[in-house]
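S.K.: Numbering (my numbering), first residue to last: 1 to 684.
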Ligand code: ADP
Ligand code: ZN
């Protein structure tokens, strides 16, 4: 037989930074017609054997056939990645301009990436039942004491029925409901129907360890296998979950962002709870938005998707305005709970006691005397954010980052909150020799310390990264808070997610001001979301909540609108400002970042990149920069960035395709580490 009379060139995806597939010959002892798209193979690559994913077979190659190497082994007879997922990965690779092979390999559990064979698949029937028994993560409610569905209130019923009308095709819904309005109850009842239709459901949530209740509520409702996908699974557990879902053994997957890539046999709907949450965006390497990919996936698989939030992202609200998504409102709290009351404490000219105003202390006292709980929100852990010499102005800085070291007292040390560098506390100013260094600013540790003086008999629970490091520590602290006794709870943004604290009747926001002056145009949106989310933790029917906000800007118009008219009205105004300044979502951003061992190299690369882009002379595309990053030095590297933006998404992506090809020819590219961030959520 002549060489190219039969199909013998296999297109293989490898985990490599190149934006292309690799060609290999199918040797005579392998029957090419039996190769399945999405199966793993072993191929020689750069003098070693590596795992690849087979995609398709053809009869030609751009490389001379004699020069091609051959596939060594075929690992899977059945695809490990189903077609639907390959298509999603292809879309993601095109959109985020990240190499397709890398995208594929990031989605597969590491266990499979290591070439481990899915032995369970081979002796599937026999072994699976055993496996399920031994796999803790396969959550079947065995006790059988299920909780009944709630009778839906009229708004919930309306939302429920609307979604039920769209179970068989793609439709994106925004379930816009204040905290505690019963969104989860709506998800549960819709998913119940999905399951009855013989289909599976995917539920994405921001962070499972912070919100164990969500998983519990699903387990308490359904007598079926539920898989939880999160970062603390072992590689083996993750691979099992992957198989259980693909084989339709698991009916519901609850997971964090990477769960968007779980293969399903018969996916019927997707839910994204707290859709505004930043954690749905991967902030390094393959910088995808799990929310946006979930919507693409729902569209590809022609199924409904529900985004839920009390504080929807501006992108999502914009899509509602443009009638791409359908909004469903749950304006009231479910049951009988009522909205919290907001109060502004003007702290201009007031001498604060370690961050606390007289007014706040007085209100705390009142609530505590009524045996209620008080929650104080301060988004800064540690004792004090700055250690400063009062004589010469010296501050203790991180050597590797452009930030001050944070002072911690339990145990005593100085720590960089960016690179985690730890130093022992200095007693004497290294510049002028002064022995009285001052702690400037207030962190959660210091707040706790101060409150112990004011309220010596009241238990205090502090929830931040330092107090929750130990496994299960978060759960223990939460259990403590659930007890119906008076206490003070101090927390960073960790407490803003998911939890209900029914005994909390007063929420104090220690300092909102940082939230008005971020270098990022999204700062106001973030601050408003955080404020509403924290406030939403408090109050219930017999104990309505009060929220006290300490600020130097009591007349800030957006803040006033937020607390007087609510998040949705606030968002409309803030969106208008975005439109007037032509910021996302009214234009599309792409951020190139570069870092190197000096700033010139980063800057030089981005300059050359910009020249390449400008050469294309597309006047609807604009460049901003290169400029140093907001924190130019981080972890010992020097960072710069170049913003590319356009109202025309298609042209923007065409330019990016060209640029990325051209980067391979730039010498300056070899001296930096660079990345591309499509729809960046953080501009640092
Ligand atoms: P969300 O997801 O919007 O925060 P949840 O679904 O968690 O709201 O509901 C908040 C609380 O109200 C939960 O304790 C839930 O059991 C209860 N709840 C939800 N829907 C109803 C209803 N229709 N009737 C009574 N209680 C409800
Ligand atoms: Zn550092």
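Note that beta-carbon positions come from the ideal geometry of N, C-alpha and C, so glycine has one too. For clarity, every value in this text was computed on a predicted model and none was experimentally measured.
(1) With DSSP run on the structure shown, which of helix, strand or coil describes residue 623?
(2) Check each candidate in 626, 34 and 666 and name the one with the smallest Cα separation from residue 78.
(3) Looking at the secondary structure, which residues open and close the beta strand (DSSP E) in which residue 439 lies?
(4) Given a cut-off of 8 Å on the beta-carbon distance, is the pair residue 462 and residue 440 in contact?
(5) Whose C-alpha, out of 646, 405, 667 and 661, is nearest the C-alpha of residue 679?
(6) I'd like the span of the beta strand (DSSP E) that includes residue 329, first residue to last.
(7) First and last residue of the beta strand (DSSP E) that includes residue 341?
(8) The alpha helix (DSSP H) spanning residue 565 covers which residue range?
(9) Who are the near neighbours of residue 660 in its chain, counting only those whose CB is closer than 8 Å to its CB and skipping five residues on each side?
(10) DSSP on residue 512, reduced to helix/strand/coil?
(11) What's the call for residue 176, buried or exposed, on a 16-neighbour Cβ count within 10 Å?
(12) So what's residue 127 in DSSP terms, helix, strand or just coil?
(13) Tell me whether the beta-carbon of residue 303 lies closer than 8 Å to the beta-carbon of residue 170.
(14) Per the contact definition of three or more C-beta pairs closer than 8 Å, is the segment 342–362 in contact with the segment 550–557?
(15) Which whole-angstrom value describes the C-beta separation of residue 378 and residue 407, a residue pair presumed to lie in contact below a C-beta threshold of 8 Å?
(16) Given 7 Å as the limit, tell me if residue 421 has its C-beta closer than that to any heavy atom belonging to the ligand ZN.
(17) For residue 309, is the beta carbon positioned less than 7 Å from some heavy atom of the ligand ADP?
(18) Rounded to whole angstroms, what's the CA-CA distance from residue 244 to residue 251? Just pull it up for me.
(19) Starting from residue 409 and walking both ways along the beta strand (DSSP E), at which residues does that stretch end?
(20) Can you tell me whether residue 501 is buried or exposed? The criterion is at least 16 other CB atoms within 10 Å of its CB, across all chains shown.
(21) Is there contact here, the segment 271–291 with the segment 215–222, by at least three beta-carbon pairs under 8 Å?
(22) Whose C-beta lies closer than 8 Å to the C-beta of residue 430 among residues of the same chain, with five residues either side of it excluded?
(23) Which partner residues does residue 677 have in the DSSP bridge list?
(24) Alpha carbon to alpha carbon, what distance is there between residue 103 and residue 54?
(25) Is the beta carbon of residue 426 less than 8 Å from the beta carbon of residue 413?
(26) Since I believe residue 49 is in contact with residue 72 (beta carbons under 8 Å), could you give me their beta-carbon distance rounded to a whole number of angstroms?
(27) Looking only at its chain, what residues have a beta carbon closer than 7 Å to the beta carbon of residue 589, apart from the 5 residues adjacent to it on each side?
(28) Using DSSP's beta-bridge definition, name the partner residues of residue 645.
(29) Given a threshold of 16 other Cβ atoms within 10 Å of its Cβ, counted over all protein chains shown, does residue 129 qualify as buried or as exposed?
(30) Does the distance from the CB of residue 602 to the CB of residue 640 come in under 8 Å?
(31) On a Cα-Cα basis, can you pick out the residue from 149, 190 and 186 that is closest to residue 167?
(32) So, does the segment 78–91 touch the segment 251–270, judging by three or more C-beta pairs under 8 Å?
(33) Can you give me the C-alpha to C-alpha distance between residue 475 and residue 633, rounded to a whole angstrom?
(34) Taking 8 Å as the threshold (C-beta atoms), are residue 108 and residue 80 in contact?
(35) Within 10 angstroms of the Cβ of residue 468, are there 16 or more other Cβ atoms? Answer buried if so, exposed if not.
(36) In this structure, does DSSP put residue 661 in helix, strand or coil?
M.R.: The structure says:
(1) Indexing the chain shown from 1 puts residue 623 at position 623. Residue state, collapsed to three classes: strand.
(2) Sequence index remark: in the chain shown, residue 78 carries index 78 (1-based). The shortest Cα separation from residue 78 among 626, 34 and 666 belongs to 34.
(3) Here residue 439 is taken as the residue at index 439 of the chain shown, counted from 1. Residue 439 -> beta strand (DSSP E) spans 437–440.
(4) Counting from one through the chain shown, the residue named residue 462 turns up at place 462. Counting from one through the chain shown, the residue named residue 440 turns up at place 440. In this structure, residue 440 does not lie closer than 8 Å to residue 462 by Cβ.
(5) The count along the chain shown starts at 1 and reaches residue 679 at position 679. Comparing Cα positions, the closest option is 646.
(6) As a working mapping, residue 329 is identified with position 329 in the chain shown. 326–330 is the span of the beta strand (DSSP E), which, as asked, contains residue 329.
(7) Taking the chain shown and counting its residues from 1, one reaches residue 341 at position 341. First-last of the beta strand (DSSP E) with residue 341: 341–346.
(8) Locating residue 565 in the chain shown gives position 565, counting from the first residue. Where residue 565 is concerned, the enclosing alpha helix (DSSP H) stretches over 557–565.
(9) Reading the chain shown from its first residue, position 660 is the one you call residue 660. Excluding sequence neighbours, residue 660 sits near 19, 97 and 676.
(10) Residue numbering aside, residue 512 sits at position 512 when the chain shown is read from its first letter. Correct three-state label for residue 512: coil.
(11) Walking along the chain shown from the start, residue 176 turns up at place 176. When all chains shown are included, residue 176 counts as buried.
(12) For the purposes of this step, residue 127 is taken as the residue at position 127 of the chain shown. Unreliable positioning characterises residue 127 in this predicted model, as indicated by a pLDDT of 46, which lies under 50. The coordinate reading is nonetheless provided below. Correct three-state label for residue 127: helix.
(13) If you number the chain shown from 1, residue 303 lands on position 303. If you number the chain shown from 1, residue 170 lands on position 170. Contact: yes.
(14) yes
(15) Position 378 of the chain shown, counted from the start, is the residue given in the question as residue 378. Position 407 of the chain shown, counted from the start, is the residue given in the question as residue 407. At roughly 15 Å, the Cβ-Cβ gap does not stay under 8 Å, so residue 378 and residue 407 are not in contact.
(16) Taking the first residue of the chain shown as position 1, residue 421 is located at position 421. Indeed, a heavy atom of the ligand ZN lies less than 7 Å from the Cβ.
(17) Counting from one through the chain shown, the residue named residue 309 turns up at place 309. False, no ligand heavy atom lies under 7 Å from that Cβ.
(18) Counted from its first residue, the chain shown places residue 244 at position 244. Counted from its first residue, the chain shown places residue 251 at position 251. Each residue's Cα considered, the two are about 9 Å apart.
(19) By one-based count along the chain shown, residue 409 stands at place 409. Its beta strand (DSSP E) spans residues 406–409.
(20) Position 501 of the chain shown, counted from the start, is the residue given in the question as residue 501. Per the 10 Å Cβ criterion, buried.
(21) no
(22) Taking the chain shown and counting its residues from 1, one reaches residue 430 at position 430. These residues qualify, in order along the chain: 394.
(23) In the chain shown, counting from the first residue as 1, residue 677 sits at position 677. According to DSSP, which records beta bridges pairwise, residue 677 is partnered with 591.
(24) Residue numbering aside, residue 54 sits at position 54 when the chain shown is read from its first letter. Residue numbering aside, residue 103 sits at position 103 when the chain shown is read from its first letter. In a straight line, the C-alpha of residue 54 is about 14 Å away from that of residue 103.
(25) As a working note, residue 426 is residue 426 in the chain shown. As a working note, residue 413 is residue 413 in the chain shown. Taking 8 Å as the Cβ cut-off, residue 426 and residue 413 do not qualify as a contacting pair.
(26) Numbered from 1 along the chain shown, position 72 holds the residue referred to as residue 72. Numbered from 1 along the chain shown, position 49 holds the residue referred to as residue 49. Residue 72 to residue 49, Cβ: 6 Å. Contact.
(27) In the chain shown, counting from the first residue as 1, residue 589 sits at position 589. Answer for residue 589: 643, 645, 679 and 680, listed in chain order.
(28) One-based indexing of the chain shown puts residue 645 at position 645. According to DSSP, which records beta bridges pairwise, residue 645 is partnered with 589 and 622.
(29) Here residue 129 is taken as the residue at index 129 of the chain shown, counted from 1. Its pLDDT being 47, under 50, residue 129 is placed unreliably in this model, and the coordinates cannot settle the point.
(30) Residue mapping note: residue 602 aligns to position 602 of the chain shown, counting from 1. Residue mapping note: residue 640 aligns to position 640 of the chain shown, counting from 1. Yes. Within cutoff.
(31) The residue labelled residue 167 in the question sits at position 167 within the chain shown. Considering only alpha carbons, the answer is 190.
(32) yes
(33) Working through the chain shown from its first residue, we reach residue 475 at position 475. Working through the chain shown from its first residue, we reach residue 633 at position 633. Taking the straight line joining both Cα atoms gives about 36 Å.
(34) Here residue 80 refers to the residue found at position 80 of the chain shown. Here residue 108 refers to the residue found at position 108 of the chain shown. Yes; because the gap between Cβ atoms is below 8 Å, this pair is in contact.
(35) For the purposes of this step, residue 468 is taken as residue 468 along the chain shown, with counting starting at 1. Buried, by the Cβ-count rule.
(36) Translated into positions along the chain shown, residue 661 becomes position 661. Three-state result, residue 661: helix.
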